[in-house]
Amino acid sequence: MPIPNVLLVNDHPASLLALETLLNRTKEEYGYEVVTAQCGEEALRKVLNTQFAVILLDVSMPGMDGFETAEIIHSHPRSAGVPIIFVTAHYADEMNRLKGYQKGAVDYLITPLIPQILLNKVAVFVELAKKNMQLDNKTKQLAELNRDLQVQQMQDLRRVNAALEAEIIERRQAEERAHGLATRDALTGLLNRRSLIESLEHAIAAATRQKRGLALLFLDMDRFKTINDTLGHDIGDELLIEVASRIKHSVRESDMVARLGGDEFVVLMEGLPAYPDAAEVAKKIVQANAPVYPIGSHRLKTSVSIGISMFPQDGNTVQELMKNADLAMYHAKQQQRGSIQFFHEELNARLVERTRLQNEMQHALENNEFELYYQPKVDIFSGRVAGVEALIRWHHPRMGVITGGQFISEATDSGHLVPIGEWVISAACAQARVWLDTNSPLLKLPIAVNIAIPQIHAELPGAIRRALTQHGIPPSSLQLEITESLLIQDLEKATSVLREISESGITIAIDDFGTGYSSLSVLKALPIDILKIDQSFVRDLGKNVGDTAIVAAIINMARALALRVVAEGVETEEQLSILKDLGCDEYQGFLYSQPLPGDALVRQLLQTTSA
Ligand code: C2E
Ligand code: MG
Ligand code: MG
0 MPIPNVLLVN DHPASLLALE TLLNRTKEEY GYEVVTAQCG EEALRKVLNT QFAVILLDVS
60 MPGMDGFETA EIIHSHPRSA GVPIIFVTAH YADEMNRLKG YQKGAVDYLI TPLIPQILLN
120 KVAVFVELAK KNMQLDNKTK QLAELNRDLQ VQQMQDLRRV NAALEAEIIE RRQAEERAHG
180 LATRDALTGL LNRRSLIESL EHAIAAATRQ KRGLALLFLD MDRFKTINDT LGHDIGDELL
240 IEVASRIKHS VRESDMVARL GGDEFVVLME GLPAYPDAAE VAKKIVQANA PVYPIGSHRL
300 KTSVSIGISM FPQDGNTVQE LMKNADLAMY HAKQQQRGSI QFFHEELNAR LVERTRLQNE
360 MQHALENNEF ELYYQPKVDI FSGRVAGVEA LIRWHHPRMG VITGGQFISE ATDSGHLVPI
420 GEWVISAACA QARVWLDTNS PLLKLPIAVN IAIPQIHAEL PGAIRRALTQ HGIPPSSLQL
480 EITESLLIQD LEKATSVLRE ISESGITIAI DDFGTGYSSL SVLKALPIDI LKIDQSFVRD
540 LGKNVGDTAI VAAIINMARA LALRVVAEGV ETEEQLSILK DLGCDEYQGF LYSQPLPGDA
600 LVRQLLQTTS A
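Residue numbers (numbering that gives the first Met the number 0): 0 to 610.
Right, dumping it as structure tokens:
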């Protein structure tokens with residue numbers, strides 16, 4: 000019997016050689032030959048002369064690219080059924096993946112490839128090819144036997160017939176294995192992305208014919224990356240399997256559940272789902288994920304955020320429905336983790352606005368549109384101003400003055416944060432210089448600047464040193480505020496950079512304390528001087544017993560670690576008096592002063608002291 004051939008097509012000689020070497024590893028064991036081609040045209044010539052079990056086809060090639068090559072191969076009756084697996088390093092996005100599957104690929108792999116997975120996939124197609132060859136052989140034998148029927152005995156025919164039947168069964172099984180591999184997600188057993196897209200295409204066509212609706216739920220796990228990074232991939236994989244199972248059990252048998260990869264899942268509801276039906280299923284999934292997951296020795300807590308798009312209201316192509324459900328999911332996540340959001344046009348408008356804001360940010364620095372406002376921090380016992388916090392404001396040409404809270408996260412996402420952050424440090428130093436020179440009441444009090452995580456890198460201490468030197472002010476005039484929840488993401492790097500800054504004489508505060516998950520040991524490892532209690536705890540002081548207890552606990556803990564405590568967002572006398580009783584050191588908030596431009600703040604302070 001001939002041996003099945005595997006065709007590798009890649010224009011890059013080194014990649015081709017690497018792939019060939021990899022496949023040669025198992026060619027004895029599985030019994031196949033490796034054939035190579037360096038461009039689409041050469042691949043077509045080979046396909047005309049040789050039957051292939053599977054083709055591994057590079058997407059980006061000069062001249063005829065992978066998509067075009069696949070199209071021509073499949074248009075030829077002789078090679079119409081050859082399975083094609085696309086392999087690419089550059090076309091990893093959704094659109095190209097989708098295009099690949101629409102060109103008839105059985106798989107779409109992104110390099111770097113995992114050797115064992117690739118070899119297993121190839122082995123399945125080789126096996127299928129062998130079964131096909133055997134079947135062809137048997138069919139030929141049978142034809143010959145039939146021709147010589149007069150001389151052959153009837154018994155022979157029966158034997159061959161039985162063998163033929165067995166072959167057919169085996170072939171069907173091999174086919175099923177190949178099909179399962181191509182349509183199922185290996186980890187969870189759910190449908191994979193490719194079969195979801197196919198199913199969705201069919202569902203849209205059927206729903207259009209029958210004038211019915213569809214609901215597409217796009218699910219994304221919250222904090223999965225953190226779990227995976229801190230506890231390892233084995234635990235992460237087990238969690239994914241459990242989450243998949245809870246999702247599966249929350250929906251009806253007829254609903255389709257797929258895993259897109261990573262921590263993203265999709266549920267497709269056919270029939271006549273109305274908005275409340277889709278919301279009901281989404282709620283069930285959210286609730287099913289609420290109980291902790293006991294995995295190994297861990298008790299893991301996660302949640303899923305869900306975005307929903309409806310057919311035909313929110314789009315009538317696979318792309319539109321997926322994109323809009325994804326966008327809705329993104330907004331769900333931003334509002335609150337573990338929440339549900341239907342797509343509506345306004346989300347698109349918000350996305351457009353966000354992108355617009357990010358583009359405008361690019362020119363805001365050159366056009367001098369940023370300004371620092373300052374809000375005093377007050378010593379609770381003496382009632383004296385103990386320092387100020389610099390808060391950025393943007394004089395936006397279209398929207399008027401907007402606050403840091405309204406654009407810092409956009410700046411972080413779009414990569415504008417580092418230059419803006421350097422401007423903040425330098426502007427704060429310039430202000431300190433002015434207060435020194437004018438002998439203002441704020442002279443010598445530290446100015447705290449907020450630092451976001453992407454700013455904490457090896458160049459930060461140098462940038463701070465340059466700003467201090469340029470304006471001739473001592474390190475004691477500067478303080479850094481770092482948000483707790485951001486800090487813990489890369490503790491090791493943050494610790495070394497912050498240590499260097501702290502050793503130069505600059506004090507460091509942990510901002511919004513209580514919103515992240517810093518353990519005591521994390522706090523002890525970092526060179527911190529001050530804890531700022533997040534305003535969400537201060538807001539309900541006196542109203543909510545739980546919050547009062549948390550604030551008391553934070554203050555006691557700070558005492559034990561010899562840190563100063565500042566309460567943020569103090570708006571009422573009642574909050575202030577409770578904080579005083581609890582032994583808090585400083586407070587900050589509208590009760591004492593709004594954030595104000597530097598000169599306005601000085602005027603206000605002079606008025607209050609002279610009054
Ligand atoms: P944050 O550092 O916790 O700043 C406190 C926020 O609470 C400020 O909002 C301030 O205006 C507001 N606030 C002050 N007192 C009160 C009060 O009594 N009640 C209430 N409800 N709010 C009060 P803002 O200016 O919008 O800043 C929000 C966040 O944006 C800041 O939180 C900080 O994390 C970030 N941010 C602000 N300026 C900068 C900056 O220059 N660089 C960086 N990286 N982040 C900044
Ligand atoms: Mg702050
Ligand atoms: Mg804060």
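Here a beta-carbon is modelled for each residue, glycine too, at the ideal position from N, C-alpha and C.
Per DSSP, the beta-bridge partners of K376 are G386. Restricting attention to D546, T547 and L497, the CA atom closest to the CA of D528 is found in L497. The continuous beta strand (DSSP E) containing T402 extends over residues G399 to T402.
By the Cβ neighbour-count rule, E126 is buried, with 16 or more other Cβ atoms within 10 Å of its own. Taking C-beta separations shorter than 8 Å and ignoring five residues to either side along the sequence, the partners of I284 in its chain run L216, L218, R245, I246, S249, V250, V266, V303 and I305, following chain order. Inter-segment contact for the segment 281-301 and the segment 329-343 is present: three or more beta-carbon pairs are separated by less than 8 Å.
Each residue's CA atom was taken as its position, placing A524 and L530 some 14 Å apart.
Across the structure, E143 and A162 are spaced so that their CA atoms are roughly 15 Å apart.
The residue from L97, H456 and G471 with its alpha-carbon nearest to that of I500 is H456. In this structure, the CA atom of Q50 is about 11 Å from the CA atom of K129. Per DSSP, G306 lies in no alpha helix (DSSP H) segment; the continuous beta strand (DSSP E) that holds it begins and ends at V303 to F310. At least one heavy atom of ligand 2 sits closer than 7 Å to the Cβ of E388. At a cut-off of 7 Å, the beta-carbon of D533 does not count as near ligand 2: no heavy atom of the ligand is closer than that. It is roughly 28 Å from the alpha-carbon of C38 to the alpha-carbon of E28. Three or more Cβ pairs drawn from the segment 439-452 and the segment 595-605 lie within less than 8 Å of each other, which places the two stretches in contact.
Per DSSP, K102 is not a residue of any beta strand (DSSP E), being assigned neither H nor E.
Straight-line measurement puts the Cα of V387 at about 26 Å from the Cα of S495. Remark: C-beta atoms of I446 and A427 approach each other more closely than 8 Å. Secondary structure of P293 (DSSP, three-state): strand. A contact is defined here as three or more CB-CB pairs under 8 Å, and the segment 221-234 fails this definition with respect to the segment 312-319. Its chain contains D10 and C38 as the residues whose beta carbon lies nearer than 8 Å to that of P61, once the 5 sequence neighbours on both sides are disregarded; these appear in chain order. Within its own chain, the residues whose Cβ lies closer than 8 Å to the Cβ of E19, once the five positions on either side in sequence are excluded, are L7, V33 and T35, listed in chain order. A Cβ-Cβ separation of about 6 Å places E409 in contact with Q357 under the 8 Å criterion.
DSSP places H362 within a helical segment (H, G or I) once states are collapsed to three.
The C-beta distance from I424 to V448 rounds to 6 Å, short enough to fall under 8 Å. Annotation for A451 indicates a beta carbon within 7 Å of some heavy atom of ligand 1. Relative to ligand 1, the beta carbon of P290 is positioned no closer than 7 Å to any heavy atom.
The beta carbon of Y591 is closer than 7 Å to those of P375 and V377 in its chain, skipping five residues each way along the sequence. Remark: the C-beta of D510 is in contact range of ligand 2, defined as less than 7 Å to any heavy atom.
Under the three-state reduction of DSSP output, K137 falls in the helix class. Taken through DSSP and simplified to helix, strand or coil, Y591 comes out as coil.
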